[in-house]
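In the working numbering, the protein residues as written are -10 to 354.
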Ligand SMILES: Nc1nc2c(c(=O)[nH]1)N[C@H]1C(S)=C(S)[C@@H](COP(=O)(O)O)O[C@H]1N2
Ligand SMILES: [Mo]
C-alpha cells in the first residue's frame, strides 16, 4: 500500500483522516477470523516515520543492569513466537456516543485481528536485567510531532508504558511480522509492540526505545489522552486506559440494511474481550425484548476475537426493528446496557442498537 492522495491507495478501507492517516476496517465485510493486512484498521497520530533499516536500532535502557542495543537482524535471531490477537482502538464506536465526544469518529471498524510474530518483551527485559524496584516499561515509537490540543511540549514521540507485571507476560511481544509478512509501514515497520488484551494504544508501532522506569510513567498519552475517570473511595482520579472491555459487534445485517420479510437471514459478527476469554454471546432481534444465545464459530483463542452467527427467521411483518448483541467473558464481565460518562471519549462497549428494515421483496426483484 502506498499513501498517495490520488486514486484509491487504500481500497476497501474507510478514510477517517488523511493526514495523519486513519483508516477504518470494513467490519460489515467480516469474513475470515484473520483480518488481511490491507484491511486492518490504521490509527496514526503522526506521519509514518521513514526508517532506514541499516540505521535502525532497538534499545533497552533505564532501570536495567546493562543497556541492550539490537539491530533488526539481531532481534529476529532471538527466540520468537506467534500470537493471534485482536487490536481495538479505545475510540472504536465513538460515533455512537451521545452527546458527541471529541476525537476521530470511528464506527465499528477500529478493530481487527491478526497473527503477530516476534520476540517476547520479557526476553529483552531479561537480557537487560531489570533493577529491583522497577515499575514501568515505556515503549517509545520513532514517530513524532507536535500536538495542538492539549498542547504538547514541542514535538514529542508517541510513547506508552506498561506496568512491569503486564510487560513480563508471555503474550506481550515485540513483533516484526503480521500474518506471516514483514510489518507494513502503516502497522509499525520494522517492529511494534503487540499487547494482547489491552486497547490498541499500548501496542506501540515503529518501536525504537524501551525504557524501564522506577516510577509510574506520566507521558502525554497516559495523562492527557487515553485516560478515564476511576473512582477510588469516592475520589475521581484520571487513570491510564489498559484492558480492552468485552464487546460484541454485528457485521450483518449492517445498519439500515433491508432484509426480506419471512426470509432466513444469517446474522453474524464477532466478539472479543480483554484478559478473560469470551464465554457467551447473545443476540436480540426485537429491540432488546428477547435474547437468544448465538453459535460461536471459531475455536476459542485467548486474546483473539471469535466470530459468531445466528440463523434468524425474519418476521412476516414489515418493520424497522433494532438488533442488539452482547457478550460475557469467563470472569463474568458483561457489556453494560448504558454508557458510563466516566469513560469520557474512550472504552465504548455499551450495547448499541442496530436499526434495520424488514421489507417485502417480491421474488425476482
Ligand atoms: N508509534 C505509534 N504507535 C501507535 C500509535 C501511533 O500513533 N504511534 N497509535 C496507537 C493506537 S491509538 C492504536 S489503536 C494502534 C493501532 O494499530 P494499527 O494502526 O496497526 O491498527 O496503534 C497504537 N500504536
Ligand atoms: Mo487507538
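Ideal placement from N, C-alpha and C gives every residue a C-beta, glycine not left out.
Residue i, DSSP secondary structure in three states
| i | result |
| --- | --- |
| residue 330 | helix |
| residue 111 | helix |
| residue 338 | coil |
| residue 208 | coil |
| residue 231 | coil |
| residue 90 | coil |
| residue 83 | helix |
| residue 147 | strand |
| residue 2 | coil |
| residue 194 | coil |
| residue 116 | helix |
| residue 17 | helix |
| residue 175 | helix |
| residue 213 | coil |
| residue 189 | helix |
| residue 8 | coil |
| residue 281 | strand |
Buried versus exposed call for residue i [16 or more other C-beta atoms within 10 Å across all chains shown]
| i | result |
| --- | --- |
| residue 186 | buried |
| residue 205 | exposed |
| residue 221 | exposed |
| residue 144 | exposed |
| residue 327 | exposed |
| residue 245 | exposed |
| residue 223 | exposed |
| residue 13 | buried |
| residue 300 | exposed |
| residue 302 | exposed |
| residue 170 | exposed |
| residue 308 | exposed |
| residue 133 | buried |
Span of the alpha helix (DSSP H), counted from its first residue to its last, around residue i
| i | result |
| --- | --- |
| residue 63 | 61 to 65 |
| residue 154 | 153 to 156 |
Cα-Cα separation, residue i to residue j
| i | j | result |
| --- | --- | --- |
| residue 226 | residue 233 | 19 angstroms |
| residue 30 | residue 116 | 33 angstroms |
| residue 89 | residue 83 | 8 angstroms |
| residue 173 | residue 262 | 26 angstroms |
| residue 180 | residue 274 | 43 angstroms |
| residue 58 | residue 121 | 21 angstroms |
| residue 47 | residue 267 | 35 angstroms |
| residue 92 | residue 344 | 24 angstroms |
| residue 280 | residue 312 | 10 angstroms |
| residue 60 | residue 40 | 13 angstroms |
| residue 283 | residue 129 | 41 angstroms |
| residue 209 | residue 141 | 8 angstroms |
| residue 247 | residue 341 | 19 angstroms |
| residue -9 | residue 338 | Confidence at residue -9 is low in this model, with a pLDDT of 45, below 50, so its placement is unreliable and the value that follows should be read with caution. Cα to Cα, residue -9 sits roughly 33 angstroms from residue 338. |
| residue 305 | residue 153 | 57 angstroms |
| residue 62 | residue 290 | 30 angstroms |
| residue 297 | residue 28 | 20 angstroms |
| residue 264 | residue 349 | 44 angstroms |
| residue 138 | residue 190 | 18 angstroms |
| residue 78 | residue 287 | 22 angstroms |
| residue 106 | residue 1 | 25 angstroms |
| residue 43 | residue 18 | 39 angstroms |
| residue 8 | residue 277 | 40 angstroms |
| residue 202 | residue 113 | 15 angstroms |
| residue 75 | residue 294 | 6 angstroms |
Run of the beta strand (DSSP E) containing residue i, from where it starts to where it stops
| i | result |
| --- | --- |
| residue 415 | The first residue shown for the chain is -10 and the last is 354, placing residue 415 beyond what the model contains. |
| residue 241 | 236 to 241 |
| residue 257 | 253 to 261 |
| residue 130 | 125 to 134 |
| residue 54 | Careful: residue 54 lies outside any beta strand (DSSP E) and carries neither H nor E. |
| residue 346 | 346 to 348 |
| residue 140 | First-last for residue 140: undefined, no H or E at that position. |
| residue 37 | Segment: none, residue 37 is in no beta strand (DSSP E) and carries neither H nor E. |
| residue 321 | Note, residue 321: premise wrong, no beta strand (DSSP E); not H, not E. |
| residue 163 | 162 to 167 |
heavy atom of ligand 4 below 6 angstroms from residue i C-beta
| i | result |
| --- | --- |
| residue 193 | Ligand 4 is absent from the structure shown, which contains only ligand 1 and ligand 2. |
* Asked: Who sits around ligand 2, taking every residue whose Cβ is closer than 5 angstroms to one of its heavy atoms?
  -> 32, 78, 189, 190
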